[in-house]
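Counting from 1 along the sequence shown, just add 134 to a position and that's the residue number in this note's numbering.
Glycine residues also receive a C-beta, built at the ideal position from the N, C-alpha and C atoms.
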Amino acid sequence: ESSRGKVADLLLIMFFVLHMLGCMWYWLGRSWPGMDDGPSVSWLFVDTEFEDMTYDRDEHFAMRPTSSTAQRYLLSIYWVAATLTVNGQVGAMIPQNNAELLFTTVIMALNMTLL
135 ESSRGKVADL LLIMFFVLHM LGCMWYWLGR SWPGMDDGPS VSWLFVDTEF
185 EDMTYDRDEH FAMRPTSSTA QRYLLSIYWV AATLTVNGQV GAMIPQNNAE
235 LLFTTVIMAL NMTLL
């Protein structure tokens, strides 16, 4: 196989992994608050009574309630790529519940195995 073919395969795998992990992160932010018995808080959603206990939703346009699914998807892909390629979290988008903490820990462990 040529080196161009190997690079193409690597890029395909990389984008597939980013897509899958980004979709999982988006799903957690959108679905987990309804599944948890505690307060409904995630990176994407927060009950109005807990808004002062989490970060500012207006800090990034894709986290506003009026943002589109495409904007949230792109932000999810960005978050996964940044978390996979650096040591720890970047930006203000941090895990807000136990499921998101576990998911973030798994992604950071993947980061360690890629080195």
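Start and end of the alpha helix (DSSP H) containing residue i?
| i | result |
| --- | --- |
| A130 | Past the edges of the chain, shown from 135 to 249, lies residue 130, and the structure says nothing about it. |
| L162 | 137-169 |
Considering only C-alpha positions, which residue in the set the options is nearest to residue i?
| i | options | result |
| --- | --- | --- |
| P167 | V240, Q230, V141 | Q230 |
| T219 | A233, A243, S201, A204 | A243 |
| T238 | A196, A142, S176 | S176 |
| N245 | V151, D171, V141, D143 | V151 |
In the DSSP output, which residue or residues are listed as bridge partners for residue i?
| i | result |
| --- | --- |
| V180 | V175 |
Can you check whether the CB of residue j is closer than 7 Å to the CB of residue i?
| i | j | result |
| --- | --- | --- |
| R198 | L178 | no |
| A215 | L162 | no |
| T203 | I241 | no |
>> For the structure I just gave you, are there three or more beta carbon pairs, one from the segment 202-213 and one from the segment 154-164, closer than 8 Å?
In response: yes
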